[in-house]
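*Asks:*
There are 2 protein chains.
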Amino acid sequence: MASIKDVAAAAGVSVATVSRVLNDHPSVSPDARTRVLAAVERLGYRPNAVARSLRTDQTRTLGLVISDVLNPYFTELARSVEEEARALGYSVIIGNADERPDLQDHHVRTLLDRRIDGLLVSPTDGGSPLMLDAARAGTPMVFVDRWIPGLDVPVVRADGRSAVRDLVAHLHGLGHRRLAIIAGPAATTTGSERVEAFREAMAEYGIPLPDAYIGQGDFQAESGRRVTEGFLGLDEPPEVVFAADNLMALGALDAVRARGLRVPHDIALAAFDDIPWFVHTDPPITAIAQPTGELGRAAVRALVDRIEGRPPRSVTLAARLVVRRSCGEDPNPPQSPSPVRRSTP
Amino acid sequence: MASIKDVAAAAGVSVATVSRVLNDHPSVSPDARTRVLAAVERLGYRPNAVARSLRTDQTRTLGLVISDVLNPYFTELARSVEEEARALGYSVIIGNADERPDLQDHHVRTLLDRRIDGLLVSPTDGGSPLMLDAARAGTPMVFVDRWIPGLDVPVVRADGRSAVRDLVAHLHGLGHRRLAIIAGPAATTTGSERVEAFREAMAEYGIPLPDAYIGQGDFQAESGRRVTEGFLGLDEPPEVVFAADNLMALGALDAVRARGLRVPHDIALAAFDDIPWFVHTDPPITAIAQPTGELGRAAVRALVDRIEGRPPRSVTLAARLVVRRSCGEDPNPPQSPSPVRRSTP
DNA sequence: CTGAAAGCGCTTACAG
DNA sequence: CTGAAAGCGCTTACAG
Numbered sequence: 528m529a530s531i532k533d534v535a536a537a538a539g540v541s542v543a544t545v546s547r548v549l550n551d552h553p554s555v556s557p558d559a560r561t562r563v564l565a566a567v568e569r570l571g572y573r574p575n576a577v578a579r580s581l582r583t584d585q586t587r588t589l590g591l592v593i594s595d596v597l598n599p600y601f602t603e604l605a606r607s608v609e610e611e612a613r614a615l616g617y618s619v620i621i622g623n624a625d626e627r628p629d630l631q632d633h634h635v636r637t638l639l640d641r642r643i644d645g646l647l648v649s650p651t652d653g654g655s656p657l658m659l660d661a662a663r664a665g666t667p668m669v670f671v672d673r674w675i676p677g678l679d680v681p682v683v684r685a686d687g688r689s690a691v692r693d694l695v696a697h698l699h700g701l702g703h704r705r706l707a708i709i710a711g712p713a714a715t716t717t718g719s720e721r722v723e724a725f726r727e728a729m730a731e732y733g734i735p736l737p738d739a740y741i742g743q744g745d746f747q748a749e750s751g752r753r754v755t756e757g758f759l760g761l762d763e764p765p766e767v768v769f770a771a772d773n774l775m776a777l778g779a780l781d782a783v784r785a786r787g788l789r790v791p792h793d794i795a796l797a798a799f800d801d802i803p804w805f806v807h808t809d810p811p812i813t814a815i816a817q818p819t820g821e822l823g824r825a826a827v828r829a830l831v832d833r834i835e836g837r838p839p840r841s842v843t844l845a846a847r848l849v850v851r852r853s854c855g856e857d858p859n860p861p862q863s864p865s866p867v868r869r870s871t872p
Numbered sequence: 528m529a530s531i532k533d534v535a536a537a538a539g540v541s542v543a544t545v546s547r548v549l550n551d552h553p554s555v556s557p558d559a560r561t562r563v564l565a566a567v568e569r570l571g572y573r574p575n576a577v578a579r580s581l582r583t584d585q586t587r588t589l590g591l592v593i594s595d596v597l598n599p600y601f602t603e604l605a606r607s608v609e610e611e612a613r614a615l616g617y618s619v620i621i622g623n624a625d626e627r628p629d630l631q632d633h634h635v636r637t638l639l640d641r642r643i644d645g646l647l648v649s650p651t652d653g654g655s656p657l658m659l660d661a662a663r664a665g666t667p668m669v670f671v672d673r674w675i676p677g678l679d680v681p682v683v684r685a686d687g688r689s690a691v692r693d694l695v696a697h698l699h700g701l702g703h704r705r706l707a708i709i710a711g712p713a714a715t716t717t718g719s720e721r722v723e724a725f726r727e728a729m730a731e732y733g734i735p736l737p738d739a740y741i742g743q744g745d746f747q748a749e750s751g752r753r754v755t756e757g758f759l760g761l762d763e764p765p766e767v768v769f770a771a772d773n774l775m776a777l778g779a780l781d782a783v784r785a786r787g788l789r790v791p792h793d794i795a796l797a798a799f800d801d802i803p804w805f806v807h808t809d810p811p812i813t814a815i816a817q818p819t820g821e822l823g824r825a826a827v828r829a830l831v832d833r834i835e836g837r838p839p840r841s842v843t844l845a846a847r848l849v850v851r852r853s854c855g856e857d858p859n860p861p862q863s864p865s866p867v868r869r870s871t872p
């Protein structure tokens, strides 16, 4: 590939002048500029970003380490992150941890080695020494969705507490009393917080959350399946299963179907995280929706603020309950009878 | 951050020696090695990949430009690509074109500027000058899923022809004669091929595919919605809509539901690309499944072969039809009555 | 086995 | 406005 030297030679100027033209430095004569631009065009020259990064000590790249790309929530998050980053002149490199701390570590290490300007992470666990060291060493970092307490790192996330309270009110109103949850890993904030929010909301109605109704999942479909099978095998199975993310809800659906049971007739189902498919599942699934796009954008802005020397802000946005039919009789029946609605028994 | 110089000073050796132990060069004394490793440990030294890349002229990075990250098919593809790349010692940077040629170009350019070792692309269109030039200039490149004819670039893809024939046989067997398709952009191979395969299979049954039954979509949900509305507004609407990808199927479902109609009672639906949610939609959707993971892995192997000087091979794998209930009466009823099955009218 | 030195492709004070 | 030169952090022939 043509290098800056080739361009300089072709334009009859020094490499310094070529560099100035390329970087829009003001002190370049119109004539020199024209010749350089012509040479660039003729040679099809493209600056080597690797060399530039080495010299300037900045890569204009953000690292994003997410827990699971296959989870539509994170895919959407990644998309909004890339979009906002691009608008601000940054690229993003995504590392998929697949809910595995070792993989997360691998990606953090690779990203750090590549000298990304800043790191956006949704931690899979409590944080490895590598990540903690990086944070303490001053690597610009922002947590999205999940975070690690005790670190001076801004957090951008959704607070689901009030939406969970709305969900429990909805379930209680439908007459459900035996409520179970498929939790995420206790090592993640979203893993423990969602259980706590659920327990607290239930307490307001005087309903306990027995251990047998807390299933330990890992945010992936297979665990939702396994936990749900366990629930269904109980002497007194729960009336409702609340999956702490959409993939575990998918697993739960698989398990219910495998047993030959129906939602919500035999067991009700609700999920944290809303996705477009929930409108079309059988039945449509009641879910707690996060403002995913806004979270991604806010996270990027916080990180770029930090990188560029401005004080970054933590952001907490509200999640909201979207009621559909997976927990029982539609509580908001349409005014006029619609042919879409199924005649429920 | 500590540099190789710091390590050299701390270990009392030259930077050359440090470099040698870091790269497992054989000629290093055990003593030197020990001291270097200790210094590395003590300083928390991590080699600067940017500097190494500049020097060695290789980044050990693959670029992957996909048409739409929000499409579960591509997400899964991206995941398998990253997995295989990691196994072979490469990282991957994903660029999401969002089905927009301008964005695709942006990512190709950025990736090239970063001097990735090779490029995996699923082109959104017929290819911009930039991409064509890069291919002709010898940038290691492999097409996945979609490709651009006339270029000496290996292609890794699935052949859906026989699965589409199976689908048409299935539809014909169900008594359907008015079959419509929501096509992808004609500029993409998968956009045009799927229509052709559909048309040819229909011809075998003496069924024509009129223009009115070919809707022009762009592989994204909104276009599926729009096209389906058009079909439903026809004097003689089709009995079946075949969406050329899963997102347009989602849009089609939205449109059908908005009209207060039901699948398959009022109109049948099938999709290219199978996803886990299709098992749980109302009704479960008949789809053509690609061996996505295998495609991603094969594409990476071909690209790495090319990069490392081995002859790369094009690969074509077969797709297969997965019959569910969205086209009408289940043609393979279970032997014993199952409580899962709905009593269809 | 080891080190001094060149060089990868840039950017940027410095001097003119 | 322009260029020569230093230097970013590495790797790797070359000489010893």
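Taken in sequence, the protein lines are chains L and D.
The numbering of the first sequence is our numbering, which starts it at 528 and goes up by one.
The numbering of the second sequence is our numbering, which starts it at 528 and goes up by one.
Just so you know, even glycine gets a beta-carbon here, dropped at the ideal spot from N, CA and C.
Answer yes or no: do L/Arg684 and L/Trp674 have a C-beta to C-beta separation smaller than 8 Å?
*Replies:* Counted from its first residue, the first sequence places residue 684 of chain L at position 157. Counted from its first residue, the first sequence places residue 674 of chain L at position 147. The answer is yes: Cβ separation under 8 Å.
*Asks:* Which partner residues of D/Ile621 appear in the DSSP bridge assignment?
*Replies:* Taking the second sequence and counting its residues from 1, the one referred to as residue 621 of chain D is at position 94. DSSP lists D/Leu591 as partners of D/Ile621.
*Asks:* Would you say L/Ala529 lies against chain D (beta-carbon separation less than 8 Å)?
*Replies:* Translated into the one-based positions of the first sequence, residue 529 of chain L becomes position 2. No, L/Ala529 lies away from the interface with chain D (no Cβ there is under 8 Å from its Cβ).
*Asks:* Excluding the five sequence neighbours on either side, which residues of its own chain have a C-beta within less than 6 Å of the C-beta of L/Arg560, listed in chain order?
*Replies:* Stepping through the first sequence from its first residue, residue 560 of chain L is reached at position 33. Taken in chain order, the residues that qualify are Val548.
*Asks:* Determine the direct distance from the alpha carbon of D/Glu766 to that of L/Gly622, and round the result to whole angstroms.
*Replies:* Here residue 622 of chain L refers to the residue found at position 95 when the first sequence is read from its first residue. Here residue 766 of chain D refers to the residue found at position 239 when the second sequence is read from its first residue. The alpha-carbon atoms of L/Gly622 and D/Glu766 are separated by roughly 44 Å.
*Asks:* Within 8 Å (strictly less), CB to CB, does L/Val831 reach chain D?
*Replies:* Translated into the one-based positions of the first sequence, residue 831 of chain L becomes position 304. Not closer than 8 Å to any Cβ of chain D, the Cβ of L/Val831 fails to qualify, so no.
*Asks:* Just by C-beta distance, which residues in the region 559–577 of chain D are closer than 9 Å to chain L?
*Replies:* Answer in chain order: Gly571, Arg573, Pro574, Asn575, Ala576, Val577.
*Asks:* Please classify L/Asp672 as buried or exposed, where buried requires at least 16 neighbouring CB atoms within 10 angstroms.
*Replies:* On the first sequence, position 145 is the one that residue 672 of chain L refers to. It is buried - the Cβ of L/Asp672 has at least 16 other Cβ atoms within 10 Å.
*Asks:* Interface residues of chain D around L/Val767 at Cβ under 8 Å?
*Replies:* Your numbering for residue 767 of chain L matches position 240 in the first sequence. Under the 8 Å cutoff, chain D gives no residues; its nearest Cβ is about 18 Å from L/Val767.
*Asks:* Would you kindly work out how many angstroms separate the C-alpha atoms of D/Arg828 and L/Thr637, rounded to a whole number?
*Replies:* Taking the first residue of the second sequence as position 1, residue 828 of chain D is located at position 301. Taking the first residue of the first sequence as position 1, residue 637 of chain L is located at position 110. So the alpha carbons of these two residues sit roughly 21 Å apart.
*Asks:* My guess is that L/Cys854 and L/Leu615 are in contact by the Cβ rule of under 8 Å, so how many angstroms apart are they, rounded?
*Replies:* Locating residue 854 of chain L in the first sequence gives position 327, where the first residue counts as 1. Locating residue 615 of chain L in the first sequence gives position 88, where the first residue counts as 1. L/Cys854 to L/Leu615, Cβ: 41 Å. No contact.
*Asks:* Once DSSP output is grouped into helix, strand and coil, what is the label at D/Asp629?
*Replies:* Residue 629 of chain D sits at position 102 when you count from the first residue of the second sequence. Reduced to three states, the DSSP call for D/Asp629 is helix.
*Asks:* Quick one: is L/Asp800 buried, meaning 16 or more other Cβ sit within 10 Å of its Cβ, or exposed?
*Replies:* Within the first sequence, numbered from 1, the residue matching residue 800 of chain L stands at position 273. Buried, since its Cβ has 16 or more Cβ neighbours within 10 Å.
*Asks:* Since L/Ala785 contacts L/Ile812 with CB under 8 Å, what's their CB separation in whole angstroms?
*Replies:* The residue given as residue 785 of chain L occupies position 258 in the first sequence. The residue given as residue 812 of chain L occupies position 285 in the first sequence. That pair is no contact at about 18 Å.
*Asks:* Name the DSSP bridge partner or partners of L/Phe769?
*Replies:* Position 242 of the first sequence, counted from the first residue, corresponds to residue 769 of chain L. DSSP output for L/Phe769 lists L/Ile708, L/Ala797 as bridge partner(s).
*Asks:* List the whole-angstrom C-beta distance separating L/Thr878 from L/Leu639, where the pair is believed to meet the contact cut-off of C-beta under 8 Å.
*Replies:* Nothing can be reported for residue 878 of chain L: it is not among the residues displayed for chain L, which extend from 528 to 872.
*Asks:* Which residue comes first and which comes last in the beta strand (DSSP E) that contains D/Phe725?
*Replies:* The sequence position of residue 725 of chain D within the second sequence is 198, counting from 1. No beta strand (DSSP E) contains D/Phe725, which is instead part of the alpha helix (DSSP H) from 716–731.
*Asks:* Is L/His807 close to chain D? Criterion is C-beta to C-beta, closer than 8 Å.
*Replies:* On the first sequence, position 280 is the one that residue 807 of chain L refers to. It does: the Cβ of L/His807 has a partner Cβ on chain D nearer than 8 Å.
*Asks:* With 7 Å as the C-beta to C-beta threshold (strictly closer), list the residues of the region 613–625 of chain L near chain D in chain order.
*Replies:* So the close ones are Ser618, Ile620, Ile621, Asn623.
*Asks:* In three-state terms, what does DSSP make of D/Leu822?
*Replies:* Indexing the second sequence from 1 puts residue 822 of chain D at position 295. Three-state result, D/Leu822: helix.
*Asks:* Taking Cβ to Cβ, would you say D/Asp809 is nearer than 8 Å to L/Thr755?
*Replies:* What you label residue 809 of chain D is simply residue 282 of the second sequence in a count that begins at 1. What you label residue 755 of chain L is simply residue 228 of the first sequence in a count that begins at 1. The answer is no: Cβ separation not under 8 Å.
*Asks:* Could you check what DSSP says for L/Arg847 in three-state terms: helix, strand or coil?
*Replies:* Locating residue 847 of chain L in the first sequence gives position 320, counting from the first residue. It is a strand residue.
*Asks:* In three-state terms, what does DSSP make of D/Gly700?
*Replies:* Taking the second sequence and counting its residues from 1, the one referred to as residue 700 of chain D is at position 173. Helix, per DSSP.
*Asks:* With DSSP as the reference, label L/Thr808 as helix, strand or coil.
*Replies:* On the first sequence, residue 808 of chain L is found 281 positions in, with the first residue counted as 1. Three-state DSSP puts L/Thr808 in a strand.
*Asks:* Taking a Cβ distance cut-off of 7 Å, strictly less, list which residues of the region 663–688 of chain D are near chain L, in chain order.
*Replies:* So nothing in the stretch comes that close.
*Asks:* Taking C-alpha atoms, which residue in D/Pro557, D/Met668, D/Gln631 lies nearest to D/Ser655?
*Replies:* The residue labelled residue 655 of chain D in the question sits at position 128 within the second sequence. Taking only the C-alpha atoms, the option nearest D/Ser655 is D/Gln631.
*Asks:* Please report the straight-line C-alpha distance between D/Arg868 and D/Val849, rounded to a whole angstrom.
*Replies:* Walking along the second sequence from the start, residue 868 of chain D turns up at place 341. Walking along the second sequence from the start, residue 849 of chain D turns up at place 322. Low local confidence applies: a pLDDT of 35 at D/Arg868 is under 50, so the model's placement there is unreliable, with the coordinate-based value given in what follows. Going from the Cα of D/Arg868 to the Cα of D/Val849 covers about 17 Å.
*Asks:* I'd like to check one pair, L/Arg721 with L/Ala713: are the Cβ atoms closer than 8 Å?
*Replies:* Locating residue 713 of chain L in the first sequence gives position 186, where the first residue counts as 1. Locating residue 721 of chain L in the first sequence gives position 194, where the first residue counts as 1. Not closer than 8 Å, so no.
*Asks:* Taking the Cβ atom as the reference point for each residue, do L/Val669 and L/Ala826 lie within a distance shorter than 8 Å?
*Replies:* Taking the first sequence and counting its residues from 1, the one referred to as residue 669 of chain L is at position 142. Taking the first sequence and counting its residues from 1, the one referred to as residue 826 of chain L is at position 299. Going by C-beta atoms, L/Val669 is nearer than 8 Å to L/Ala826.
*Asks:* Cβ of L/Glu609 less than 8 Å from any chain D Cβ?
*Replies:* For this step, residue 609 of chain L is matched to residue 82 along the first sequence. Closer than 8 Å: yes.
*Asks:* In angstroms with no decimal places, state the Cα-to-Cα distance between D/Arg851 and D/Ala797.
*Replies:* Counting from one through the second sequence, the residue named residue 851 of chain D turns up at place 324. Counting from one through the second sequence, the residue named residue 797 of chain D turns up at place 270. Spanning the two alpha carbons is a distance of roughly 9 Å.
*Asks:* Closest Cβ-Cβ distance between L/Pro494 and chain D: below 8 Å?
*Replies:* The structure shown does not extend to residue 494 of chain L, since chain L spans only 528 to 872, so no value can be given for it.
*Asks:* Pull up the CB-CB distance for L/Ala576 and D/Arg642, whole angstroms please, since I reckon it's below 8 Å.
*Replies:* Along the first sequence, one-based indexing puts residue 576 of chain L at 49. Along the second sequence, one-based indexing puts residue 642 of chain D at 115. L/Ala576 to D/Arg642, Cβ: 7 Å. Contact.
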